[in-house]
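Residue numbers (full-length UniProt numbering), protein chains in the order written: chain S, 1 to 240; chain E, 1 to 240.
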C-alpha cells in the first residue's frame, strides 16, 4: 500500500510544465531515501487524474495520458492543480471542481501552480488565505477571497500556491524538503541537475522590460477576462 | 506550411522533463512575435515522434502520446533527443538510431538533453565535437569521440548538447534567442515566469554534499554501465 498518494489534476488546455515540472520532482519522493535514515515513502504513488482515460491535450498541443479518472482516483495525500488557458472551461466544469473539492477535504497538502490557484479558489479553498499565482493574474486573487503575497511559493496552513508555470519546480522541492527532509530534496535536485542558468534575467515583470511585460499582459487579457467572468459569476451566486 | 519543424524523439524510459522542459519553450516559437518585427516562425510546428503511436511511458511512469511516428515525421529543422534510463534500450534500437541519423542529416540544429547525448554519439554526431551531458556520465563522452566541456549548454557547430534533465529549459531559451532574437526569448521567459528559485543550491556536484553526490553516483551506476556497454560494443564493431 502506498504511504503517500500524490495526485495531479489534468484538464484540456493545461500548461504541461505546470504539471510535468512538479511531477518530475514529486514522483521521486520514493527515491532516494534520506541519506541519514530509511525513506518513509518508499511506496509513494503518483496519480494523473482526469475526467476520462482519454488523452488530454495541453495548451501547446502535447498529449498526456491520465492513469486514473476523477471517479476511481484513490484518496490523495497531496493534490496539485496546474493552470493553463483551459482553466476557464475547467472553472465551469462541475466534475473537475467536485474532484478538487472532495480530494482537498482529506488531503494533507492542497497545492496549485500558476493559475491553477483559481480552481482551488473556485471551491473556496483560498478564502481568507495568503496566496500567489502567475504574475499577470495576481490582482484577481481577491475574487476568491485570497490576499496576494508577492512570493514564488506561498504557504498558508496546508495550502501551497506557486507563481507562474516554472514555479512548480521550486514548489515541489519545498514540499519534498518538508515531507522527506532537506537531504532528500537536495539529492533529487542533484539527480535532475536542477542548477538553473536562464540565459536572460527576464522571468518576472520586476526584471523584464516594460515592452515585454506589456505584450505579455495583452496576451493574457483573454484568459484574465475569462477567469474574472467565471469567478465573478460564481462569487455573485454564492452571495445569494 | 510550417517554416520551422521542431521534433522530439520519445522512447520508453525517457526522463519526461528532459523532453517537456524544452517542449514548453520551443513550442512557443510561433508566439510571441518579436516586439520589433513580425515573427518569422508564426507557423512553426512541434512534433513528438516515436516508433509507434502508442503511449510512451517515462522512467517515472508518466504516459506521453506521440503525434507522429518515426516513419511519418516530416523533415525536422531542429531535432531534440532527451535522455532517461531507457536510453540503454534505445541505443540498441535500430529504428530509433536510424530516425535520429536520418533527421539529423538535414536538420539545422541537432540537440540533446542529459544522456540523450549518447544517442547522438551512437550515430557519430558527436565525433570530434565538444559536448556535455548529465554530470554523472560526462566521463563516457570520449566513447563517442566527444570532448567533455564543463558547461550547462555546449554548442559546437550546429550541435547543442545540454547537461542533466532541467538543463533542457536553459538550452531551449538559447535556441529561441538565436532563432527568433533575444526579445522573443525574454518574452517567452516572462510568459512562463521562468525566474527560478531553487530552495537549495545543490544542483551540481560542485555545490552538493559529497554524501549526496556519492549516493547519486551509485544510483547512476547501472545506467552508466549500460551506456558504456552499448557504446563500447558499438565502437568496437565500428573499428572492425
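For every residue, glycine included, the Cβ atom is placed at its ideal position computed from N, Cα and C.
Remember, predicted model here, so these are calculated numbers, not experimental data.
Using 9 Å as the limit for Cβ to Cβ distance, is residue 209 of chain S near chain E?
Yes, because at least one Cβ of chain E sits closer than 9 Å to the Cβ of residue 209 of chain S.
Could you name the residues of the same chain whose beta carbon sits closer than 8 Å to that of residue 63 of chain E, not counting the 5 residues immediately before and after it, in chain order?
Here the set comprises 55, 56, 57.
For the alpha helix (DSSP H) that contains residue 126 of chain S, what are its first and last residues?
Here residue 126 of chain S belongs to no alpha helix (DSSP H), and DSSP marks it neither H nor E.
For residue 90 of chain E, I'd like the list of residues in its chain whose CB is within less than 7 Å of its CB, leaving aside the five on either flank, ordered along the chain.
So the list reads 11, 96, 119, once near-sequence residues are dropped.
Rounded to whole angstroms, what is the Cα-Cα separation between residue 14 of chain S and residue 109 of chain E?
C-alpha separation (whole angstroms): 28 Å.
Could you pull the start and end residues of the beta strand (DSSP E) that residue 160 of chain E belongs to?
Unbroken beta strand (DSSP E) run through residue 160 of chain E: 159-162.
Thinking residue 128 of chain S and residue 145 of chain S are a contact (beta carbons under 8 Å), I'd like their distance in whole angstroms, please.
6 Å between Cβ atoms; contact.
Closest to residue 21 of chain S by C-alpha separation, out of S/134, S/178, S/132, S/113, would be which residue?
Minimum Cα distance to residue 21 of chain S is reached at S/113.
Does residue 139 of chain S pass the burial test, meaning 16 or more other C-beta atoms within 10 Å, or should it be called exposed?
That one is exposed.
Starting from residue 8 of chain S, trace the beta strand (DSSP E) both ways and give me its first and last residue.
It spans 5-9 - the beta strand (DSSP E) in which residue 8 of chain S sits, taken as one unbroken run.
Is there a Cβ of chain S sitting closer than 9 Å to that of residue 16 of chain E, yes or no?
It does; some Cβ of chain S falls within 9 Å.
Is residue 210 of chain E buried or exposed, if buried means 16 or more other CB atoms sit within 10 Å of its CB?
Exposed: under 16 other Cβ atoms inside 10 Å.
Report all residues from its chain with a CB closer than 8 Å to the CB of residue 228 of chain E; omit the five preceding and five following residues, and keep chain order.
Excluding positions up to five away in sequence, the list reads 140, 143.
Closest to residue 78 of chain S by C-alpha separation, out of S/27, S/124, S/181, S/150, would be which residue?
Ranking the options by Cα distance to residue 78 of chain S, first place goes to S/27.
Would you say residue 191 of chain S faces chain E, with C-beta separation under 9 Å as the test?
For residue 191 of chain S, the answer is yes, since a Cβ of chain E falls inside 9 Å of its Cβ.
Starting from the beta carbon of residue 76 of chain E, find every residue of chain S whose beta carbon is closer than 9 Å, and list them in chain order.
Simply none; closest approach about 16 Å.
Using the three-state DSSP reduction, which class does residue 71 of chain S fall into: helix, strand or coil?
The answer is coil: DSSP assigns residue 71 of chain S none of H, G, I, E or B.
How is the beta strand (DSSP E) around residue 65 of chain E delimited, first residue to last?
Residues 63-65.
Considering only the beta carbon of each residue, do residue 4 of chain E and residue 80 of chain E sit closer than 9 Å?
In this structure, residue 80 of chain E does not lie closer than 9 Å to residue 4 of chain E by Cβ.
Taking the alpha-carbon of residue 173 of chain E as reference, which of E/74, E/121, E/193 has the nearest alpha-carbon?
Measuring from the Cα of residue 173 of chain E, the nearest candidate turns out to be E/193.
Could you check the C-alpha separation between residue 151 of chain E and residue 69 of chain S for me, to the nearest Å?
Rounded to the nearest angstrom, the two C-alpha atoms are 42 Å apart.
Starting from residue 154 of chain E, trace the beta strand (DSSP E) both ways and give me its first and last residue.
Its beta strand (DSSP E) spans residues 153-156.
Which of the three DSSP states is assigned to residue 14 of chain E in this structure?
Coil, per DSSP.
Return the chain-ordered list of same chain residues with a C-beta closer than 7 Å to the C-beta of residue 189 of chain E, the five sequence neighbours on each side being excluded.
Excluding sequence neighbours, residue 189 of chain E sits near 173.
So, for residue 204 of chain S: in the same chain, excluding its five sequence neighbours on each side, which residues have a beta-carbon less than 7 Å away from its beta-carbon?
The answer, listed in chain order, is 135.
With 9 Å as the threshold, decide whether the Cβ of residue 41 of chain S is near any Cβ in chain E.
No, residue 41 of chain S lies away from the interface with chain E (no Cβ there is under 9 Å from its Cβ).
CB residue 198 of chain E to CB residue 196 of chain S, shorter than 9 Å?
Contact flag set, yes.
With 9 Å set as the bound, which would you pick, yes or no: does the beta-carbon of residue 110 of chain E sit closer than that to a beta-carbon of chain S?
Not an interface residue.
State buried or exposed for residue 117 of chain E, treating a residue as buried only when at least 16 other CB atoms are found within 10 Å of its CB.
Buried is the call here.
Who are residue 114 of chain E's beta bridge partners in DSSP?
Note: residue 114 of chain E sits in no beta bridge, so no partner.
When you compare the CB of residue 67 of chain S with every CB in chain E, is at least one pair closer than 9 Å?
Yes - at least one Cβ of chain E is within 9 Å of the one on residue 67 of chain S.
Determine whether the Cβ of residue 99 of chain S lies closer than 9 Å to any Cβ atom of chain E.
Residue 99 of chain S does not count as touching chain E.
So, helix, strand or coil for residue 138 of chain S, using DSSP?
Three-state DSSP puts residue 138 of chain S in a helix.
Using a Cβ cut-off of 9 Å (strictly closer), state whether residue 114 of chain S contacts chain E.
True, the Cβ-Cβ gap to chain E drops below 9 Å.
Nearest by alpha-carbon distance to residue 226 of chain S: which of S/111, S/65, S/92, S/59 is it?
Answer by Cα proximity: S/92.
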